[in-house]
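**Student:** The following block contains the structure, expressed as structure tokens.
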Amino acid sequence: MIAAFSLLGVLAILVAIYRKYSTVSLDDVPGPQPESFLLGNMRELLQSGASEADFRWQRQFGGVVKFKGPLGENRLMISDPKALQYLTHSSVYHYTKSNGFRKAIGRILNGVGLVAAEGDVHRRQRKVMLPAFGGPESKALFPVFRSISQDLVSRWQELLGSTEKGSAVVNIPRWLSRATLDAIGEAAFDYKFGALSEEDSELKRAYNNIVMTLFGLPSTPRIVVEAISEWLPTKPLVWLFQKLPFRRFARLREASRASIHTAARLVEEKGQALLEGKGSKDVMSLLVQANASENQKARLTDEELYAEMRIILFAGHETTSNSLTWMLWELAKNPKIQTRLRDEIRATETAIRTRGATEFSLADIESMHYLQAFLKEGLRFHPAISSMFRVAIQDDIVPLSKPLRLKSGKVVGELAIPEGTSIVMSVAAYNRDKSLWGEDADVFNPDRWLDGEGTHRKDISVGVVGNLMTFSSGVRSCIGWRFAMTEMQTFLVDLVNNFEIAIAYPEKTVRREGSGLVFPVVVGEEAEGVQLPLRISVAARE
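Our numbering applies: residue 58 is where the sequence shown begins, and numbers increase by one.
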């Protein structure tokens, strides 16, 4: 095992030297000073707390920042709108997912599905999957999301009924992760995981706190290993990670096995149901039905189908849970925003009863202007995925929305990027760009979406929702974004309508943590894993 690591390290150093002296230089691009040749700026980037380095570098250097990877390698962080548009639209397949650690982890956890695919394979997979995630299909799942959100409400009400205090402290991400797992189970697979009802399952055990294991702030040795691994082919790393005895890789393998078993069982059940003429409208049934096509270009391989199911299982519940967690955090910190949102929900509820109905429809929910503003601001301020990693597979010229002053004093409107350059597309920094979102971009302010501040820059179209990068952009944008939007606003309406949400422990500090996926931890209690304790109580009615 040591010999394998040594060989990989030597190969990585040789690749780094070759790249440094055989490509166009980025040395003239401004950026922070590295702490050392070995580590570059990687510790500042990955150990400062989620996106803190992104924000700091953007304020100091602008939308294009050169920073140092290990062994003196030049890398780029990009948050410039026009550059991001180019990278995600015009030249998307010229910038592939980075090799190495992240890609190997994704391959083990999720297989060879849409997230990992490139080029023509990605085009085919997306074309097959897209119809299952369209607007009508996502809206048709509203009753499923409503049922799960009301189940969560009932369980919180039972919890409050069992205490004499009239309030209770709950770990928000734990509850929401279980609720969104149930939601993805029923909406995507027509399957009841029973996560909220505490039913035990292999998948639930495997996914418990896995985001902390996979995306927690890395140690310095891990930073070096992960960074160097980006110069290495994915297949040997996948093989190596399948063998390593460390806890992190054991958890990864456990989650992989559980998701494969679950996906295989569900595919078999759906296939049999379709043969018996019992197909339903959940996402998986639609995909299995599409996969019955004789046209090879209109179907997925069995391996790809399992991979897509695994991606939907993991990404489809953890990212939504994460986003809702941070939105409830903002409501707890901003009681006036919470009251205003609840007032709008209850005014809509009154209008529904006036017309003779008893339940919210999706149209009712989507008609609430402040709710939509709050949802977009939550997605802007707390993107679940803070950054995306790419590598240029050819030399390229990237356009910029603002002139870039190089260290030499030269001003350029576009930037030459050498083949092999590692790029961090900073979702978090783009979403806080003051030229886009106003001088108060670092303040949580839903009103920006009502007064036009959040929508005034439409000349450069980037994201699929509100021109945000939260769901990515272009053909690599999150295929389930409509699905997620319907689910999140449904949960928000039911939770805010029924509960007052407050800070549980003002003396404790909650920190945004994570390398990729951003999640909350309590400072000093990191060993407890993902935590956001909030106090809930019944929201009084007049």
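All residues carry an ideal CB built from backbone N, CA and C; glycine is no exception. Quick caveat, the model's predicted, so the values are computed rather than measured.
1. At the level of alpha carbons, what is the spacing between V580 and W383?
2. Find the nearest neighbour of A110 within the set Q90, G129 and L95, judged by alpha-carbon distance.
3. Check whether the stretch 191-205 touches the stretch 539-559, counting contact only when three or more Cβ pairs, one atom from each stretch, lie closer than 8 Å.
4. Report back the beta-carbon spacing between P127 and G88 to the nearest angstrom; my notes put them in contact at under 8 Å.
5. Between the stretch 418-437 and the stretch 359-373, can you find at least three pairs of beta-carbon atoms closer than 8 Å?
6. Quick check on DSSP: helix, strand or coil for M482?
7. With distances taken from CA atoms, which of L102, E221, R212 and S465 is nearest K125?
8. The alpha helix (DSSP H) that contains V550, what's its start and end?
9. Would you report the Cα separation of A485 and T291, rounded to the nearest angstrom?
10. If you drop the 5 nearest sequence neighbours on each side, which residues of the same chain put their C-beta closer than 7 Å to that of A559?
11. Measure from the alpha carbon of E401 to the alpha carbon of each residue in S378, Y427 and A312, then state which is nearest.
12. Which residues does DSSP pair with R185 in a beta bridge?
13. Indicate whether L332 and M366 have their beta-carbon atoms separated by less than 8 Å.
14. Count the other CB atoms within 10 Å of the CB of K491; is the residue buried (16 or more) or exposed (fewer)?
15. Between which residues of its own chain and F94 is the CB-CB distance below 7 Å, once the five residues before and five after are set aside?
16. Comparing alpha-carbon positions, which option in H179, G176 and G251 lies nearest D208?
17. Does DSSP put M58 in a helix, in a strand, or in coil?
18. I need the straight-line Cα distance from T237 to L381, nearest angstrom please.
19. Is T80 helix, strand or coil by DSSP?
20. Nearest-angstrom Cα distance between D499 and V553?
21. May I have the straight-line CA-CA distance separating E582 from G223, to the nearest angstrom?
22. List the residues that DSSP assigns as beta-bridge partners of T153.
23. For the stretch 528-536 and the stretch 211-221, state whether three or more C-beta atom pairs, one from each stretch, are separated by less than 8 Å.
24. Given that a residue counts as buried once 16 or more other Cβ atoms are within 10 Å of its Cβ, and exposed if not, what is I454?
25. Quick check on the DSSP output: the beta strand (DSSP E) that includes N265 runs from which residue to which?
26. Checking the sheet assignment: what are the DSSP bridge partners for V122?
27. According to the neighbour-count rule (16 or more other Cβ atoms, all chains shown, within 10 Å of its Cβ), is F303 buried or exposed?
28. Which residues does DSSP list as the beta-bridge partners of I593?
29. DSSP three-state label for E283, please.
30. Using CA coordinates, which residue listed in V587, E326, A225 and K354 is at the minimum distance from V178?
31. Let me know the secondary structure DSSP gives K249 once reduced to three states.
32. So, with DSSP's three-state summary, where would you put V587?
33. Which stretch, first to last residue, makes up the alpha helix (DSSP H) that contains Q576?
34. Tell me which residues share the same chain as L344 and place their Cβ nearer than 7 Å to its Cβ, disregarding the 5 neighbours each side in the sequence.
35. Could you check whether L171 and M482 sit closer than 8 Å to each other, using their CB atoms as the reference points?
36. Which residues in the same chain as V149 place their Cβ atom closer than 7 Å to its Cβ, once the five residues preceding and following it in sequence are excluded?
**Tutor:** With the given structure in hand:
1. On the sequence shown, residue 580 is found 523 positions in, with the first residue counted as 1. On the sequence shown, residue 383 is found 326 positions in, with the first residue counted as 1. If you take the alpha carbons of V580 and W383, they lie about 16 Å apart.
2. Looking up residue 110 in the sequence shown gives position 53. Closest by alpha carbon: Q90.
3. yes
4. Within the sequence shown, numbered from 1, the residue matching residue 127 stands at position 70. Within the sequence shown, numbered from 1, the residue matching residue 88 stands at position 31. At roughly 15 Å, the Cβ-Cβ gap does not stay under 8 Å, so P127 and G88 are not in contact.
5. no
6. To locate residue 482, count along the sequence shown from 1; it is residue 425. M482: strand per DSSP, three-state reduction.
7. For the purposes of this step, residue 125 is taken as residue 68 along the sequence shown, with counting starting at 1. Nearest option by C-alpha distance: L102.
8. By 1-based counting over the sequence shown, the position of residue 550 is 493. Element bounds for V550: W538 to N555.
9. Sequence index remark: in the sequence shown, residue 485 carries index 428 (1-based). Sequence index remark: in the sequence shown, residue 291 carries index 234 (1-based). About 27 Å.
10. Looking up residue 559 in the sequence shown gives position 502. Contacts found: A389, L591 and R592.
11. Locating residue 401 in the sequence shown gives position 344, counting from the first residue. Checked all of S378, Y427 and A312; the closest Cα to E401 is Y427.
12. Start at 1 with the first residue of the sequence shown, and residue 185 comes out as number 128. Before going further, note that residue 185 is Val rather than Arg in the sequence given. Looking at the DSSP assignment, V185 forms no beta bridge with any residue, so it has no partner.
13. One-based indexing of the sequence shown puts residue 332 at position 275. One-based indexing of the sequence shown puts residue 366 at position 309. No, Cβ-Cβ distance for L332 and M366 is not below 8 Å.
14. Here residue 491 refers to the residue found at position 434 of the sequence shown. It is exposed - the Cβ of K491 has fewer than 16 other Cβ atoms within 10 Å.
15. Indexing the sequence shown from 1 puts residue 94 at position 37. L128 and G129, listed in sequence order.
16. For this step, residue 208 is matched to residue 151 along the sequence shown. Among H179, G176 and G251, the Cα nearest to that of D208 belongs to G251.
17. As a first step, residue 58 is located in the sequence shown; it is residue number 1 there, counting from the start. Because the pLDDT of M58 is 47, which lies under 50, any placement of that residue in the model is unreliable, and the number read from its coordinates should be weighed accordingly. M58: coil per DSSP, three-state reduction.
18. Stepping through the sequence shown from its first residue, residue 237 is reached at position 180. Stepping through the sequence shown from its first residue, residue 381 is reached at position 324. Each residue's alpha carbon lies about 10 Å from the other.
19. Looking up residue 80 in the sequence shown gives position 23. Only weak support is given to the placement of T80: the predicted model assigns it a pLDDT of 48, under 50, and the value that follows is read from those uncertain coordinates. Residue state, collapsed to three classes: coil.
20. Looking up residue 499 in the sequence shown gives position 442. Looking up residue 553 in the sequence shown gives position 496. Cα to Cα, the separation comes out at about 24 Å.
21. Residue 582 sits at position 525 when you count from the first residue of the sequence shown. Residue 223 sits at position 166 when you count from the first residue of the sequence shown. Approximately 26 Å between the Cα atoms of the pair.
22. To locate residue 153, count along the sequence shown from 1; it is residue 96. In the DSSP output, where bridge partners are listed per residue, T153 has V448.
23. no
24. Taking the sequence shown and counting its residues from 1, one reaches residue 454 at position 397. By the 10 Å Cβ count, I454 comes out exposed.
25. The residue you call residue 265 lines up with position 208 of the sequence shown. Careful: N265 lies outside any beta strand (DSSP E) and carries neither H nor E.
26. As a first step, residue 122 is located in the sequence shown; it is residue number 65 there, counting from the start. Per DSSP, M134.
27. The residue you call residue 303 lines up with position 246 of the sequence shown. F303 comes out exposed.
28. On the sequence shown, position 536 is the one that residue 593 refers to. Paired residue(s): A225 and I558.
29. Your numbering for residue 283 matches position 226 in the sequence shown. Helix, per DSSP.
30. As a position in the sequence shown, residue 178 is number 121, starting the count at 1. Of the candidates V587, E326, A225 and K354, the one whose C-alpha sits nearest the C-alpha of V178 is K354.
31. For the purposes of this step, residue 249 is taken as the residue at position 192 of the sequence shown. DSSP places K249 in coil when its eight states are reduced to three.
32. Taking the first residue of the sequence shown as position 1, residue 587 is located at position 530. In this structure, V587 counts as coil in the three-state DSSP scheme.
33. Within the sequence shown, the letter at position 519 stands for residue 576. Note that residue 576 corresponds to Phe in the displayed sequence, not to Gln. F576 -> not in any alpha helix (DSSP H); beta strand (DSSP E) instead, spanning F576 to V579.
34. Residue numbering aside, residue 344 sits at position 287 when the sequence shown is read from its first letter. M186, A189, L362 and E365, listed in sequence order.
35. Residue mapping note: residue 482 aligns to position 425 of the sequence shown, counting from 1. Residue mapping note: residue 171 aligns to position 114 of the sequence shown, counting from 1. No, the pair does not count as a contact, with Cβ atoms beyond the cut-off.
36. Indexing the sequence shown from 1 puts residue 149 at position 92. Around V149: G531, V532 and R533.
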